[in-house]
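Be aware that the sequence shown starts at 10, since it is given in the numbering used here, and climbs by one per residue.
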Amino acid sequence: MNEPKPLVQADRTYALLEGRKLSYFSGCDYFRLASHLQVIEAARSAAQDFGLSVSASRLTTGNHPLLAEAEQTLREYFSAEDALLVSAGYFGDLVVAQALAGMFSHVLIDEAAHPALQDAAQFLNAPTIKFKHLQPAEVERIVARIGRQAKFILLTDGMYSNDGAAAPLRDYLRVLPKDALLLVDDAHGAGVLGTAGRGTPEHCGVSRTRVIQTTTLSKAFGSGGGVVLADRAIRQRILRHSRLFVGSTPPPLPIVAAALTATRLLRRQKGFLRRLRKNSTWLKSGLRREGVHLPETPGPIIPILPATTAEANALHRELLAAEILPPFIKYPGGPENGYFRFVISSEHTADQLNVLLAVLVNHARKFL
Numbered sequence: 010m011n012e013p014k015p016l017v018q019a020d021r022t023y024a025l026l027e028g029r030k031l032s033y034f035s036g037c038d039y040f041r042l043a044s045h046l047q048v049i050e051a052a053r054s055a056a057q058d059f060g061l062s063v064s065a066s067r068l069t070t071g072n073h074p075l076l077a078e079a080e081q082t083l084r085e086y087f088s089a090e091d092a093l094l095v096s097a098g099y100f101g102d103l104v105v106a107q108a109l110a111g112m113f114s115h116v117l118i119d120e121a122a123h124p125a126l127q128d129a130a131q132f133l134n135a136p137t138i139k140f141k142h143l144q145p146a147e148v149e150r151i152v153a154r155i156g157r158q159a160k161f162i163l164l165t166d167g168m169y170s171n172d173g174a175a176a177p178l179r180d181y182l183r184v185l186p187k188d189a190l191l192l193v194d195d196a197h198g199a200g201v202l203g204t205a206g207r208g209t210p211e212h213c214g215v216s217r218t219r220v221i222q223t224t225t226l227s228k229a230f231g232s233g234g235g236v237v238l239a240d241r242a243i244r245q246r247i248l249r250h251s252r253l254f255v256g257s258t259p260p261p262l263p264i265v266a267a268a269l270t271a272t273r274l275l276r277r278q279k280g281f282l283r284r285l286r287k288n289s290t291w292l293k294s295g296l297r298r299e300g301v302h303l304p305e306t307p308g309p310i311i312p313i314l315p316a317t318t319a320e321a322n323a324l325h326r327e328l329l330a331a332e333i334l335p336p337f338i339k340y341p342g343g344p345e346n347g348y349f350r351f352v353i354s355s356e357h358t359a360d361q362l363n364v365l366l367a368v369l370v371n372h373a374r375k376f377l
């Protein structure tokens, strides 16, 4: 994987690349809260009041009151029994796995699961079985083969970042034994899916009783760090058994303050979520009307998979000519040869969406 050229995001929905200002349909700052004035001011004020870091483990002298305030706000936002902040979103899956190690006889994991979940599976200290992407029927066959007396935990992304697909959590719970748990890495679904933006569990209409939801605060919440959303017993197990949590410093306090403000903004101002869904639905509908094939997914992500290198190069040129940054990526879990991933935000303007629609439709007509 080659290191990309330096890129500076500017004006919330644009980026500067080698002196050119281009429309930016990349990254996963779905509401552009990373550049929201109130979020920035919260970080600035916290840096002035508290400094940059507690510089200690939370279980020694690093348990700053701002951490508990943020956790309470996240608990309320997600309607979870408890919330625990961790240093990074990637860490959420790992601290949960360390806390639950030895409790399960088998780990089931979607073959397209995020690397954080693949790493977490190794900590669980049980045989790991991959199942076909988003296939509860295969999970059911695996359970039948092993026997329902086994103790299972299933690992899956909530919303998949390559195409915006949501994991069928209700179906997984239906085919698993009643004592099985789901560990859902909802880095992309949290804040985005569900009526209130509570993520994939809300989107699927499932109870949190058998679901552990982890997420990053660096995407929809525009800040940083991560959070584990679970019951109090899981929180206590993490405090007792996760060396990663015990031995790490919590997120920088300005970042925690930013995440706290972002969460409150999303909870109070439903316009963010309405605009995101309006923009995504408008663009997807327009592309489908013009014959562009798109997967039926709930997320604000549009994948375009070129059939050949020549086609990929052509779309790259067409996007640059329209002053759009070409979002061609190669990333674990996505198509092996790379693809264009367009991520829609609540803050993209009608003009930006219209230009993108025109480019993609004209390109499709050439290569259909």
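C-beta atoms are modelled at their ideal positions from N, C-alpha and C, and glycine is treated no differently.
Small disclaimer: the values here were computed from a predicted structure and weren't measured.
Asked                                                                                                                                                                 : Found
What first and last residue would you give for the alpha helix (DSSP H) that runs through G235?                                                                       : That residue, G235, is in no alpha helix (DSSP H); its beta strand (DSSP E) goes G235 to A239.
Using only alpha-carbon positions, find the residue among P15, G156 and F34 that is nearest to L292.                                                                  : F34
Can we count Y348 as close to the ligand GTP, meaning its CB is less than 7 Å from some heavy atom?                                                                   : As presented, the structure is devoid of all ligands, the ligand GTP included, so that no description of it is given.
Checking the sheet assignment: what are the DSSP bridge partners for L163?                                                                                            : L117 and L191
In this structure, does DSSP put L143 in helix, strand or coil?                                                                                                       : coil
Do you know offhand how far G308's Cα is from I353's?                                                                                                                 : 9 Å
Use the C-beta contact count for D128: other C-beta atoms within 10 angstroms, 16 or more gives buried, fewer gives exposed.                                          : exposed
Between F113 and L185, what straight-line distance do the alpha-carbon atoms span, to the nearest angstrom?                                                           : 13 Å
What is the DSSP secondary structure of L93, counted as helix, strand or coil?                                                                                        : strand
Between which two residues does the alpha helix (DSSP H) carrying Y381 extend?                                                                                        : Here the chain has residues from 10 to 377 only, and residue 381 is not among them.
Between Q158, Q18, E78 and C37, which has its C-alpha nearest R29's C-alpha?                                                                                          : Q18
Thinking I2 and L303 are a contact (beta carbons under 8 Å), I'd like their distance in whole angstroms, please.                                                      : This structure cannot speak to residue 2, because the chain is shown only from 10 to 377.
Three Cβ pairs or more, each shorter than 8 Å: is that satisfied between the segment 136-144 and the segment 189-196?                                                 : no
Under the rule that 16 or more other beta-carbon atoms within 10 Å means buried, what is E305, buried or exposed?                                                     : exposed
Say whether the segment 249-259 touches the segment 117-124, bearing in mind that this needs 3 or more beta-carbon pairs closer than 8 Å, one atom from each stretch. : no
Are the beta-carbon atoms of V265 and G234 separated by less than 8 Å?                                                                                                : yes
Residues in its own chain within less than 6 Å of L16 by CB, not counting five upstream and five downstream?                                                          : A24 and L26
Can you tell me the Cα-Cα spacing of M427 and A175, whole angstroms?                                                                                                  : Here the chain has residues from 10 to 377 only, and residue 427 is not among them.
On the CB-based measure, 16 or more other CB atoms within 10 Å of its CB, does N322 come out buried or exposed?                                                       : exposed
Which residue from L329, F59 and L42 puts its Cα closest to that of F281?                                                                                             : L42
Alpha carbons only, please: which of P315, I151, F132 and H372 is nearest the one belonging to L328?                                                                  : H372
Taking just the CA atoms, how far does G200 sit from D20?                                                                                                             : 22 Å
Determine, for A146, whether the minimum Cβ-Cβ distance to residues of chain B falls below 8 Å.                                                                       : Absence of chain B from the displayed structure is noted, only one protein chain being present.
Below 8 Å, can you find three or more Cβ-Cβ pairs linking the segment 206-216 to the segment 242-250?                                                                 : no
Would the beta-carbon of A89 fall within 8 Å of that of R217?                                                                                                         : yes
Quick one: what does DSSP say Q18 is sitting in, helix, strand or coil?                                                                                               : strand
Looking at the structure shown, is Y39 part of a helix, part of a strand, or coil, going by DSSP?                                                                     : coil
Can you tell me where the beta strand (DSSP E) with L26 in it begins and where it stops?                                                                              : Y23 to L26
Does A330 pass the burial test, meaning 16 or more other C-beta atoms within 10 Å, or should it be called exposed?                                                    : exposed
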